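Down below is the structure, laid out as structure tokens.
Protein chains: 2
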Amino acid sequence: MQKLTYMIILQTTNGKIDVLMLCNGSATDLPSQGPELASMFCTIDSYDNHGEMSNYFAAMNEATTKGGTLSVIATGWDPGIFSINRVLFESFLADGTTNFFYGPGVSQGHSEAVRAVDGVKKGVQYTIPVDENLQKVQNGEILDLTPREKQLRHCVIVAEEGADKGVIEKTIKEMPNYFEPYNTIVDFVDEEEFIKNHSSMPHGGFVIRTGFTGAERNPETMEFSLKLAKNPEFTASAMLPYARAAKRMYDNGDRGAKTVFDIAPALLSPKSHSELVKELL
Amino acid sequence: MQKLTYMIILQTTNGKIDVLMLCNGSATDLPSQGPELASMFCTIDSYDNHGEMSNYFAAMNEATTKGGTLSVIATGWDPGIFSINRVLFESFLADGTTNFFYGPGVSQGHSEAVRAVDGVKKGVQYTIPVDENLQKVQNGEILDLTPREKQLRHCVIVAEEGADKGVIEKTIKEMPNYFEPYNTIVDFVDEEEFIKNHSSMPHGGFVIRTGFTGAERNPETMEFSLKLAKNPEFTASAMLPYARAAKRMYDNGDRGAKTVFDIAPALLSPKSHSELVKELL
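Residue numbers (our numbering), protein chains in the order written: chain A, 404 to 684; chain B, 404 to 684.
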């Protein structure tokens, strides 16, 4: 455990730790710290490396099974709430197509990529849905969209004094994976404006499934969306109920690694089952 | 079991019935048929009388517990998918307000009420969200709306020959509970136009939670919506995954009455757990 930057202890019972909330990064922190801590404590994390998810789940499942603990991995909103909607939407509307649009909002990964470019003093990257195609999908059109047709990337940059803005713009626009597959707009602003107008962390997005029911193929659309003023705070808010669920499942004898797919809605709520049935069903 | 109008047998294993889908009405059919059938078979239903939900759950829980069966009550979209979103939204965004808007679409209950009015030959009632207030809520305003501020009711009527349209309109608009609390528009059309343009069953609606995170009270909005061309077909489509879940839970030793709150997303999906983690988390 070399680099334990953040850890929140959520709740203790008689001095015993119930659940740890692991708030570290997915690139290098969680792959080592996650299994180590999960072998000793029940944990919740917001691991978000989609490509490595199966491996992380396997490592966490091994650690929790050996340790007799329970961990919920990959909570937050994507993975997390968006993942739940992907599964529910596919299940409720079997014959259909799911599309996602991200934004409008700040992408941390893309902002970091922009800030790594030579001559960039400050920078932020806004991911913006391509409105025309978002509206088509919302209205039930079945489209197979490329990344470029779904998202626009808007970079706002403060250049170092004397830096060549043309070179910065070209370097960003041609960056493979991050910007090359998209239409990218690069704007330069002065530092004062950047601090004033580009320091917040909005985000959001859409999960939309368009599909068909019945022999006449009736078009049906399901949509979930988020508009977040502050991405990190909302992510924390969406992680918290999984700590409640983890404690309940652990107390009920359940062990091992869990995902948001394995947790019934009632376990997330502070309300009793009879309150839920009466008030919210 | 006097009046068994519809029943679908979903699936049998070696000639044994796995799950019954009960597709009868909530007013008189399910309160008697539900517990009777649930004492013998695992069942799924779309019971939708919100005011009697706790009593129905108790009756179904008693029947299934005695019978050693498992039943999922109140599936569909409301109750059902909307209920899940109410619980998830409250859990993920604890400090907030949830609003619902229904429509645009045909309300069966209100259409039946209209058709019961003297002089009405054919009639349909469209529930329409009050667009101005829907947009405010979608944009994060915290509003405590009355029924009149949320929904508009639009009735399309074919009058019997010689009927007094003024009396029909007045009778509808003054009907307590159904129309009196709302702004209601009553339009009269001829039978040909009615059959041509008012015979389909669209519906839909919105669940929107606006709330706050963090010490600075950052505004955050979560929204779920449905746009359905054919309400009954979509309801059936949304019930089906609960039959899958019921069979899995029963095979796993679970018994008793369940709601959509008690069922983890993974149980609804035809995909394996490892497919879900890899593809949809």
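Virtual Cβ for every residue (Gly too), placed ideally from N, Cα, C. Since this is a predicted model, take the numbers as computed values, not measurements.
May I ask you to report which of helix, strand or coil DSSP gives Y653 of chain A? Looking at Y653 of chain A - three-state DSSP - the assignment turns out to be helix.
Within 10 angstroms of its Cβ, does Y549 of chain B collect 16 or more other Cβ (buried), or is it exposed? One point to set straight first is that residue 549 of chain B is Thr, not Tyr, in the sequence displayed. The residue is exposed, with fewer than 16 neighbouring Cβ atoms inside 10 Å.
Counting contacts by CB-CB distance shorter than 9 Å, is D547 of chain A in contact with chain B? D547 of chain A is outside the set of residues whose beta carbon lies under 9 Å from a beta carbon in chain B.
Simplified DSSP state of H676 of chain A, which is helix, strand or coil: H676 of chain A falls in the helix class under three-state DSSP.
Cross-chain neighbours of K599 of chain A in chain B, by beta carbon under 8 Å: Chain B residues near K599 of chain A: none, gap ~16 Å exceeds 8 Å.
C-beta neighbour in chain A for E544 of chain B, strict 9 Å: Taking Cβ atoms only, chain A never reaches closer than 9 Å to E544 of chain B, which makes this a no.
Looking only at C-alpha atoms, which of A:I476, A:T467 and A:G471 sits nearest to E455 of chain A? Ranking A:I476, A:T467 and A:G471 by Cα distance to E455 of chain A puts A:I476 first.
Is S514 of chain B closer than 9 Å to T616 of chain A when the C-beta atoms are compared? S514 of chain B sits away from T616 of chain A, with the two beta carbons spaced by 9 Å or more.
So with Cβ pairs under 9 Å, would you call V663 of chain A a contact of chain B? Output row for V663 of chain A: interface = yes.
Once you ignore the five residues that flank V589 of chain A on each side, which residues in its own chain have a CB closer than 6 Å to its CB? A distance below 6 Å between beta-carbons, with the five flanking residues on each side excluded, links V589 of chain A to the following residues of its chain, in chain order: C558, E572 and I575.
Below-9 Å beta-carbon distance, P622 of chain A vs any chain B residue: With 9 Å as the cut-off, P622 of chain A counts as an interface residue toward chain B.
Quick check: the Cα distance between D665 of chain B and S675 of chain B, rounded to an integer number of angstroms? Distance between the alpha carbons of D665 of chain B and S675 of chain B: 19 Å.
Alpha carbons only, please: which of B:L684, B:T472, B:P532 and B:K524 is nearest the one belonging to R651 of chain B? Ranking the options by Cα distance to R651 of chain B, first place goes to B:T472.
Spell out the partners DSSP gives F627 of chain B in its beta bridges. Beta-bridge pairing links F627 of chain B to A:F627 and B:V610.
Under 8 Å from the C-beta of S640 of chain A: neighbouring residues of chain B: Under a criterion of Cβ atoms nearer than 8 Å, the residues of chain B adjacent to S640 of chain A are, in order, F495, L496, A497, T616 and E623.
Look up L407 of chain A in the DSSP assignment and say whether it is helix, strand or coil. Reliability fails at L407 of chain A, whose pLDDT of 48 lies under 50, so the model's placement of it is uncertain and no value is given.
What did DSSP end up calling S369 of chain B once you bin it into helix, strand or coil? In the structure as shown, chain B starts at 404 and stops at 684, and residue 369 of chain B therefore has no counterpart that could be examined.
Rounded C-alpha distance that separates V523 of chain B from T638 of chain B: Between the C-alpha atoms of V523 of chain B and T638 of chain B there is a straight-line separation of about 28 Å.
T550 of chain B: contacting residues in chain A (beta-carbon distance under 7 Å): Residue 550 of chain B is actually Pro in this sequence, not Thr. Against P550 of chain B, chain A offers no close residue; the least beta-carbon distance is about 18 Å (beta-carbon pairs closer than 7 Å).
If we define contact as Cβ-Cβ less than 9 Å, is K674 of chain B a contact residue for chain A? Answer yes: the Cβ-Cβ gap between K674 of chain B and chain A drops below 9 Å somewhere.
Beta-carbon within less than 6 Å of T624 of chain A's beta-carbon, same chain only, minus the 5 sequence neighbours each way: which residues are those? Cβ neighbours of T624 of chain A beyond the five flanking positions: G543 and T613.
Pair every Cβ in the region 462-472 of chain A with every Cβ in the region 481-494 of chain A, then say whether three or more of these pairs are closer than 8 Å. Not touching, per the Cβ criterion.
Distance CB(T500 of chain A)-CB(D547 of chain A) smaller than 9 Å: Contact: yes.
Please tell me whether P482 of chain A has its Cβ less than 9 Å away from any Cβ of chain B. Interface criterion met: the Cβ of P482 of chain A is under 9 Å from a Cβ in chain B.
Whose CA, out of A:P434, A:M424, A:H453 and A:G470, lies closest to the CA of D657 of chain A? The shortest C-alpha to C-alpha distance from D657 of chain A to any of A:P434, A:M424, A:H453 and A:G470 is the one to A:G470.
K468 of chain A, DSSP secondary structure in three states: The sequence given here places Thr at residue 468 of chain A; Lys does not occur at that position. T468 of chain A falls in the helix class under three-state DSSP.
Where V456 of chain A meets chain B, residues with beta-carbon distance less than 9 Å: It should be noted that the sequence gives Met, not Val, for residue 456 of chain A. Those within 9 Å of M456 of chain A in chain B are V680, K681 and L684.
Can you list the residues of chain B that A667 of chain A reaches, using a CB-CB cut of under 7 Å? Chain-order list of chain B residues neighbouring A667 of chain A: F664, D665, I666 and A667, by C-beta distance under 7 Å.
If I'm right that Y645 of chain A touches I420 of chain A with Cβ under 8 Å, what's the distance once you round it to whole angstroms? Y645 of chain A to I420 of chain A, Cβ: 16 Å. No contact.
Residue closest to V592 of chain A, alpha-carbon to alpha-carbon, out of A:N586, A:Y585 and A:S602: Nearest to V592 of chain A by C-alpha distance, out of A:N586, A:Y585 and A:S602, is A:S602.
Can you find a C-beta in chain A that's less than 9 Å from the C-beta of I487 of chain B? Yes, I487 of chain B counts as interfacial toward chain A.
Taking buried to mean at least 16 other C-beta atoms within 10 Å of its own C-beta, is I545 of chain B buried or exposed? By the neighbour-count rule (16 or more Cβ atoms within 10 Å), I545 of chain B is not buried but exposed.
For N586 of chain A, the first and last residue of its enclosing beta strand (DSSP E): Taken as a continuous stretch (DSSP letters only), the beta strand (DSSP E) holding N586 of chain A covers N586 to F591.
Within a Cβ cutoff of 6 Å, which residues of the same chain sit near I560 of chain A, ignoring the five residues on either side of it in sequence? Cβ-Cβ distances below 6 Å link I560 of chain A to V523, G526 and F591 in the same chain, with the five nearest sequence neighbours on each side left out; the list follows chain order.
Under 7 Å Cβ-Cβ, which residues of chain B neighbour S677 of chain A? The answer, in chain order, is S457.
Continuous alpha helix (DSSP H) assignments of at least 4 residues falling wholly in the region 513-588 of chain B: You should have 534-541, 550-553 and 568-576.
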